[in-house]
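Read top to bottom, the protein sequences are chains A and B.
Read in order, the letters of the first sequence correspond to residues 702 to 1192 in the numbering used here.
Read in order, the letters of the second sequence correspond to residues 3 to 184 in the numbering used here.
Beta carbons are placed, not taken as given, at the ideal position from N, Cα and C, and that holds for glycine.
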Amino acid sequence: MFTYAILRLQYLLPLNPQHLGPLSPDLAFNTAVSFTTNTNWQNYGGESTMSYFSQMVALALHNFASAAVGIGLAAALVRGIARHSAKTLGNFWVDLVRVTYYLLLPICLVFAVFLVSQGMIQNFKPYTQATTVEGATQTIVQGPMASQVAIKMLGTNGGGYVNANAAHPFENPTPLSNFIQMLSIFSIGSGLTYWLGRMTKNQAHGWSVWTAMMILFLAGVLTCWWAESAGNPIHHQLGVAAADGNMEGKEVRFGVFNSALFATITTDASCGAVNSMHDSFTPLGGFVPLFNIQLGEIIFGGVGAGLYGMLVFVILAVFIAGLMVGRTPEYLGKKIGAFDVKMAMLSLLVLCLSILGFAAWAAVSEWGKAGLNNAGPHGLSEMLYAFSSATGNNGSAFAGLSGNTPWYNTTLGIAMLIGRFWMIIPIMALAGSLAQKKVAPASVGTFPVHGGTFVILLLGTILLVGALNFLPALALGPIVEHFQMLQGKLF
Amino acid sequence: MATLILAVVCCGVYPLVVYGVAQLAFPRQANGSLIVTKDGTVRGSELLGQDFTEAKYFHPRPSAAGNGYDAANSGGRNLGPTSQKLDSLIKERIAAYRTENGLSDQTEVPADAVTASGSGLDPHISLRNAELQLPRVAKARNTSETKVRELVAQNTDQPSLSILGEPGVSVLKLNLALDSIE
């Protein structure tokens, strides 16, 4: 509510040297929801709509808070797993404050200063008017960008300071800044698996979860890189050098590899920052980020959110293994009951329902089709991506879709709320239920939650659930488009 | 109360500390790496591309930002791989690129020369793209190709730490360097 008010009233508040007007009610709703839920969907234009005050207070506060909330929730779930016969999961407010002061802020300070050294701006000046070499005028964006970008990456928020997000030369000046930004997206999500191992006194389990994530990540990067460097045969026929790959929507300083890598990372985690335009990727190149989001962003994942999403799959994997050998499923000595599996399934089904339900609705209604930038199967991909990204709280987009309409702003806003809070409720129920359970000593028949078998089983569960839920829709979007591209069909 | 303190620290103290350190340690970068002439006119930013159309300048990539290189409206064209519109755009750009630089119909055109960047403000072009434009620029300026090639090399940004990213020729810096030798 507070954020909504700032966005609507930004023209009355200080630090608005460009005299930008208020955001429309639906856009303000969408943006407020999107930052609260760690989605950071950009229907707003950044430099053309947001005042410095809105950026610093309305948006940055949520960048910190939503990241800290995610970590706090993951901490609660892990404590639920680690504790036994317990009544409580720790104090959420203490976690929130500690995470912000001791983890996020110090890293951000150093990170932001490093980004400035690479060429990122950090000032409070009005936009600069430049006279270009050929005599035209160019308005150069200014403002407190570095402090925003540091937390946007570390907190896997991903809401850009400017419209072009991390493709903009100010927001990502050099390949080195690009590399460090990618590293910071993954750092907390990756580190949390180690913490999981420590808390549950089973470091091998932490590493096994990490390994499963790493395998999925590498598979994604390699597919995306291969598709993007193969390029688009339709354009090659026109005379574009085939060796250059697909450069539409990409920056020369990053090239094909760093763009494909960034796209995979930003959707493995729920970051959603982009350094190239996913909408212009080849069909299979665009399939990778889309599928990553639909799996639930569990590959390292958003800070905290990735870990609790992954643990849902761990519980399912253990449950399936238990069924296969005909024993009561156990996870780290705790019996998994009907209630736990129900809650785990609920959190997965909510995701699926919101993505497919809203995308289907948009696909058959006038307001949905009116926003499209591309025709044919690519249009369906645009809608599917939008609702996947909103529900998965990612925030990246097939940005050709004009999402800044009352209908899209509202439906995407609702999808974000569903994706965040209806995920959190079953997961907290799960954490509470696990915390109360007694620990049974491990026996010969206990299924070990580390090692190769466990990793394969976990990967199998993830891919099976993901594929069963989303393959039919994906087949009508990117997959059919791939074959049509090979045949040279245009829309 | 704790929330209020948190808000003040995250939204007030933190950006101001970064601001202070940035302005002291890296004043040039923190203010946009601006290129300012002796009389105080701002000619642009080292990091942002500008549009060039005259034959004596190297030309940047096509831009989808506003009406082209609008630094207050960054963004890409967002057309998909099977888009008819993108196909016709690329066809036109290839034809224009070949005519402009006196290339045969068989010459493969570098991808970056006929596709729009993600930000619409990409300051770089690929080395191959610069090489193909070089004879035209040298001819329009009556200078030797060797001299121009030297400047291209001087204004090429190498990959960070030699392995991250791709080399790119900074169009604005190169064109300013070309102007300054006359």
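{"Check": "By how many angstroms is the C-alpha of Ala32 of chain B removed from the C-alpha of Met1124 of chain A?", "Outcome": "40 angstroms"}
{"Check": "The segment 58-91 of chain B: which residues have C-beta closer than 8 angstroms to a C-beta of chain A, in chain order?", "Outcome": "Tyr59, Arg63, Ala67, Tyr71, Asp72, Ala73, Ala74, Asn75, Ser76, Gly77, Gly78, Arg79, Asn80, Leu81, Gly82, Pro83, Thr84, Ser85, Gln86, Leu88, Asp89"}
{"Check": "Is Pro83 of chain B helix, strand or coil when you go by DSSP?", "Outcome": "coil"}
{"Check": "Could you name the residues of the same chain whose beta carbon sits closer than 6 angstroms to that of Gly104 of chain B, not counting the 5 residues immediately before and after it, in chain order?", "Outcome": "none"}
{"Check": "Pick helix, strand or coil for Gly964 of chain A, following the three-state DSSP scheme.", "Outcome": "A quick correction: the sequence has Ala, not Gly, at residue 964 of chain A. It is helical."}
{"Check": "Locate the alpha helix (DSSP H) running through Gln995 of chain A, then write down its first and last residues.", "Outcome": "984-995"}
{"Check": "I need the straight-line Cα distance from Arg138 of chain B to Phe918 of chain A, nearest angstrom please.", "Outcome": "45 angstroms"}
{"Check": "By alpha-carbon positions, which one of A:Arg954, A:Pro827, A:Gln819 ends up nearest to Glu168 of chain B?", "Outcome": "A:Arg954"}
{"Check": "Looking at the C-beta of Asp727 of chain A, does it have a partner C-beta in chain B at a distance below 8 angstroms?", "Outcome": "no"}
{"Check": "How is the alpha helix (DSSP H) around Val770 of chain A delimited, first residue to last?", "Outcome": "761-783"}
{"Check": "Grab me the residues of Gly1178 of chain A's own chain with a C-beta within less than 7 angstroms of its C-beta, minus the 5 sequence neighbours each way, in chain order.", "Outcome": "Pro1078, Leu1081, Ser1082, Leu1085"}
{"Check": "Report the option in A:Leu1160, A:Leu893, A:Gly892, A:Thr894 whose CA atom is closest to the CA atom of Ala1022 of chain A.", "Outcome": "A:Leu1160"}
{"Check": "What would DSSP say about Asp41 of chain B, mapped onto helix, strand or coil?", "Outcome": "coil"}
{"Check": "State the start and end residues of the unbroken alpha helix (DSSP H) segment that holds Thr857 of chain A.", "Outcome": "No alpha helix (DSSP H) contains Thr857 of chain A, which DSSP labels as neither H nor E."}
{"Check": "Considering only C-alpha positions, which residue in the set B:Ser65, B:Leu163, B:Gly34, B:Ile92 is nearest to Pro827 of chain A?", "Outcome": "B:Gly34"}
{"Check": "For Trp794 of chain A, count neighbouring Cβ atoms within 10 angstroms of its own Cβ and tell me buried if that reaches 16, exposed if not.", "Outcome": "exposed"}
{"Check": "Residues of chain A with a CB under 7 angstroms from the CB of Val23 of chain B: which are they?", "Outcome": "Val814"}
{"Check": "If contact is defined by three or more beta carbon pairs under 8 angstroms, each pair taking one atom from either stretch, is the segment 970-988 of chain A in contact with the segment 71-84 of chain B?", "Outcome": "yes"}
{"Check": "At a Cβ threshold of 8 angstroms, is Asp159 of chain B touching chain A?", "Outcome": "yes"}
{"Check": "Step through the CB atoms of chain B and report whether any lies within less than 8 angstroms of the CB of Arg954 of chain A.", "Outcome": "yes"}
{"Check": "Val1181 of chain A to Ile808 of chain A, Cα distance in whole Å?", "Outcome": "44 angstroms"}
{"Check": "What does Gly122 of chain B touch in chain A if you count any residue whose Cβ is under 7 angstroms from its own?", "Outcome": "Ala865"}
{"Check": "Spell out whether any CB of chain B is found under 8 angstroms from the CB atom of Asp796 of chain A.", "Outcome": "no"}
{"Check": "How many angstroms separate the CA atom of Met821 of chain A from the CA atom of Val770 of chain A?", "Outcome": "28 angstroms"}
{"Check": "Closer than 8 angstroms by C-beta to Ala1076 of chain A: which residues in its own chain qualify, once you throw out the five before and the five after it? Chain order, please.", "Outcome": "Phe1192"}
{"Check": "Using a Cβ-Cβ cut-off of 7 angstroms (strictly less than) and excluding sequence neighbours within five positions of Ala132 of chain B, which residues of its own chain qualify?", "Outcome": "Phe60, Val154, Val171"}
{"Check": "Measure the beta-carbon distance from Ile841 of chain A to Ala73 of chain B and round it to whole angstroms, keeping in mind my assumption that it falls under 8 angstroms.", "Outcome": "5 angstroms"}
{"Check": "If you compare alpha carbons, which of B:Pro161, B:Val150, B:Asp159 is closest to Ala179 of chain B?", "Outcome": "B:Val150"}
{"Check": "At 7 angstroms on the CB atoms, spell out the chain A contacts of Glu56 of chain B, in chain order.", "Outcome": "Glu835"}
{"Check": "Taking DSSP as the reference, what is the three-state secondary structure of Gln843 of chain A?", "Outcome": "coil"}
{"Check": "Around the Cβ of Ile852 of chain A, are there at least 16 other Cβ atoms within 10 angstroms (buried) or fewer (exposed)?", "Outcome": "buried"}
{"Check": "On the DSSP bridge assignment, give the partners of Leu166 of chain B in chain order.", "Outcome": "B:Ser162"}
{"Check": "Taking C-beta pairs closer than 9 angstroms, name the residues in chain A that Thr43 of chain B reaches, listed in chain order.", "Outcome": "Ala831, Thr832"}
{"Check": "By the three-class DSSP mapping on this structure, what secondary structure does Glu56 of chain B have?", "Outcome": "coil"}
{"Check": "Using a C-beta to C-beta distance shorter than 8 angstroms, which residues of chain A count as neighbours of Lys93 of chain B?", "Outcome": "Leu939"}
{"Check": "Let me know the alpha helix (DSSP H) ranges lying completely inside the segment 1060-1142 of chain A, each 4 residues or longer, listed in chain order.", "Outcome": "1067-1071, 1078-1092, 1107-1118, 1124-1137"}
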